[in-house]
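**Q** Dropping a structure here in structure tokens format, bear with me for questions.
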């Protein structure tokens with residue numbers, strides 16, 4: 059509901075924060091980011107800011123062991139996780155839905171299940187929207203994104219118990235997605 063209200067407001071991301079995110083992205087990731095609509099770009103930037111704050115607090119509280127526990131990638135770094143938080147919804151650009159279309163798609167997904175709705179991907183934009191985790195992961199992988207970025211795009215709608223991320227990292231990613 060909060061995201062719907064935000065989508066009705068024509069505000070994009072804060073310019074300073076967006077510039078910081080754009081500096082973190084590779085050229086190919088930046089192309090994907092620019093395909094997002096204004097609302098999704100604002101969400102991506104808000105996720106980046108939230109994840110940065112969460113990771114700073116987590117590193118302060120838990121120290122380096124939280125990085126050693128994260129099993130997705132041995133060379134896990136804070137910047138990779140921040141980019142993952144920002145770019146996880148990039149697959150939504152494939153559906154090209156309006157705000158009303160997204161509301162309808164969300165209702166359909168809630169009623170039928172994400173897997174069944176994603177199965178409709180060949181027949182319409184609601185199916186593409188439902189399948190945005192897989193589509194986004196494919197787009198990010200093709201763009202050469204870090205494995206952590208691809209992994210979060212893939213699993214951000216999956217239950218926590220199936221996560222490849224250590225519990226504190228997954229919690230921070232989930233919290234960032236609520237920004």
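Numbering (my numbering), first residue to last: 59 to 237.
Cβ coordinates follow ideal geometry from the N, Cα and C atoms, glycine included.
In its own chain, which residues sit with a C-beta less than 8 Å from the C-beta of residue 199, not counting the 5 before and 5 after it?
**A** Your numbering for residue 199 matches position 141 in the chain shown. Excluding residues within five positions, the ones whose Cβ falls inside 8 Å are 208.
**Q** Measuring CA to CA, which of 225, 203, 204 and 195 is closest to residue 213?
**A** The residue labelled residue 213 in the question sits at position 155 within the chain shown. Of the listed residues, the one whose Cα sits closest to residue 213 is 195.
**Q** Check whether the region 167-177 touches the region 102-111, counting contact only when three or more Cβ pairs, one atom from each stretch, lie closer than 8 Å.
**A** Cβ pair count under 8 Å is below three, so no.
**Q** Determine the direct distance from the alpha carbon of residue 215 to that of residue 97, and round the result to whole angstroms.
**A** Here residue 97 refers to the residue found at position 39 when the chain shown is read from its first residue. Here residue 215 refers to the residue found at position 157 when the chain shown is read from its first residue. So the alpha carbons of these two residues sit roughly 19 Å apart.
**Q** Would you decide whether residue 145 is buried or exposed? Buried here means 16 or more other CB atoms lie within 10 Å of its CB.
**A** Looking up residue 145 in the chain shown gives position 87. By the neighbour-count rule (16 or more Cβ atoms within 10 Å), residue 145 is buried.
**Q** Taking only the alpha-carbon atoms, compute the straight-line gap between residue 211 and residue 224 and give it to the nearest angstrom.
**A** Taking the chain shown and counting its residues from 1, the one referred to as residue 211 is at position 153. Taking the chain shown and counting its residues from 1, the one referred to as residue 224 is at position 166. Straight-line Cα distance between these residues: approximately 16 Å.
**Q** How would you call residue 147, buried or exposed, if buried means at least 16 neighbouring beta carbons within 10 angstroms?
**A** Sequence index remark: in the chain shown, residue 147 carries index 89 (1-based). Flag for residue 147 reads buried.
**Q** If you count every other CB in all the chains shown that lies within 10 Å of the CB of residue 149, and 16 or more means buried, which is it?
**A** Reading the chain shown from its first residue, position 91 is the one you call residue 149. It counts as buried.
**Q** For the alpha helix (DSSP H) that residue 220 lies in, which residues bound it at each end?
**A** In the chain shown, counting from the first residue as 1, residue 220 sits at position 162. Per DSSP, residue 220 belongs to no alpha helix (DSSP H) and is neither H nor E.
**Q** Less than 8 Å between C-beta atoms, sequence neighbours within five positions excluded: which residues of the same chain meet that for residue 100?
**A** Stepping through the chain shown from its first residue, residue 100 is reached at position 42. Within the same chain, residue 100 has close Cβ partners 64, 69, 70 and 71.
**Q** Tell whether a beta-carbon distance below 8 Å holds between residue 155 and residue 142.
**A** Within the chain shown, numbered from 1, the residue matching residue 155 stands at position 97. Within the chain shown, numbered from 1, the residue matching residue 142 stands at position 84. No. Outside cutoff.
**Q** Quick check: residue 158 and residue 139, are their CB atoms within less than 8 Å of each other?
**A** Within the chain shown, numbered from 1, the residue matching residue 158 stands at position 100. Within the chain shown, numbered from 1, the residue matching residue 139 stands at position 81. No, Cβ-Cβ distance for residue 158 and residue 139 is not below 8 Å.
**Q** State the Cα-Cα distance for the pair residue 227 and residue 191, rounded to the nearest angstrom.
**A** By one-based count along the chain shown, residue 227 stands at place 169. By one-based count along the chain shown, residue 191 stands at place 133. If I take the Cα positions, the gap works out to 19 Å.
**Q** When we look at the beta-carbon of residue 236 and count the other beta-carbons within 10 Å, is it buried (16 or more) or exposed?
**A** Numbered from 1 along the chain shown, position 178 holds the residue referred to as residue 236. So residue 236 counts as exposed.
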